[in-house]
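Going left to right, the sequence shown walks through residues 39 to 197 as our numbering numbers them. Notes follow once the structure below has been shown.
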Amino acid sequence: MAINRALILNGPSSVGKTSIGLALRKTLPGNFHLIQWDTFLEMPPLTPPSPTLKYAFLDAAHSLLQQEHNVILDIVSREEFLQTICGRLTDFAPYLVGISARPDIIAARLATRPERVPTLLAEQADLHNGIKYDLEIDTSDTDISLSTDKIANAFKLIL
39 MAINRALILN
49 GPSSVGKTSI
59 GLALRKTLPG
69 NFHLIQWDTF
79 LEMPPLTPPS
89 PTLKYAFLDA
99 AHSLLQQEHN
109 VILDIVSREE
119 FLQTICGRLT
129 DFAPYLVGIS
139 ARPDIIAARL
149 ATRPERVPTL
159 LAEQADLHNG
169 IKYDLEIDTS
179 DTDISLSTDK
189 IANAFKLIL
């Protein structure tokens with residue numbers, strides 16, 4: 039019997055994680071729920087997020103996996119919490135994809151998103167430091183469909 043799987047897309051804001059996650063839902067075999075960190079941040083009440091909100095995000099993913107659903111996590115996380123995620127989801131063989139883009143590309147994309155704070159680029163510049171990914175994707179000059187295909191092909195090999 040196949041196990042349910044967790045595909046984790048990690049990277050700074052505006053590198054294309056959500057677009058890739060949505061495309062992967064159409065590409066991967068089986069059904070995948072896309073769980074977005076932004077969705078948790080935008081849920082009422084719209085106050086500064088609690089430091090424990092990330093654990094609710096993780097609990098939602100874990101619960102879906104336990105109920106025999108596959109998940110794609112769209113997250114912005116540093117090494118420490120990614121280790122927590124992978125540890126908690128270890129029974130579901132998490133596959134970790136680091137998604138990046140050049141700073142000038144991220145800055146241009148952020149400029150089209152007025153809801154994003156201007157300091158995000160600087161705050162998230164070192165996001166990937168110390169993280170060992172199963173796969174790394176740079177979306178700077180790559181069409182979303184090519185990035186999606188690369189992830190899907192690598193992930194399908196281990197499904």
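Using N, Cα and C, we set each Cβ at its ideal position, and we do this for glycine too. Treat the numbers as computed from the prediction; the structure is a model and nothing was measured.
(request) Look at the alpha carbon of proline 152 and the alpha carbon of isoleucine 144, and state the distance between them as a whole number of angstroms. (result) The residue you call residue 152 lines up with position 114 of the sequence shown. The residue you call residue 144 lines up with position 106 of the sequence shown. About 13 Å.
(message) Are the CB atoms of aspartate 112 and glycine 68 within a distance shorter than 8 Å?
(response) Within the sequence shown, the letter at position 30 stands for residue 68. Within the sequence shown, the letter at position 74 stands for residue 112. No, they are not a contact pair.
(request) Going by DSSP, name the residue or residues bridged to glycine 136. (result) Sequence index remark: in the sequence shown, residue 136 carries index 98 (1-based). Per DSSP, Asn48 and Glu174.
(request) Measure the C-alpha to C-alpha separation of arginine 147 and serine 101 and round it to an integer number of angstroms. (result) The count along the sequence shown starts at 1 and reaches residue 147 at position 109. The count along the sequence shown starts at 1 and reaches residue 101 at position 63. Distance between the alpha carbons of arginine 147 and serine 101 is about 33 Å.
(request) Kindly give me the distance between the Cβ atoms of leucine 103 and phenylalanine 130, rounded to whole angstroms, as I take these residues to be in contact under 8 Å. (result) As a working note, residue 103 is residue 65 in the sequence shown. As a working note, residue 130 is residue 92 in the sequence shown. Contact between leucine 103 and phenylalanine 130 holds, since their C-beta atoms are separated by about 5 Å, short of 8 Å.
(request) Measure the Cβ-Cβ separation of glycine 168 and glycine 49 and say whether it is below 8 Å. (result) The count along the sequence shown starts at 1 and reaches residue 168 at position 130. The count along the sequence shown starts at 1 and reaches residue 49 at position 11. Result no, Cβ atoms of glycine 168 and glycine 49 do not sit closer than 8 Å.
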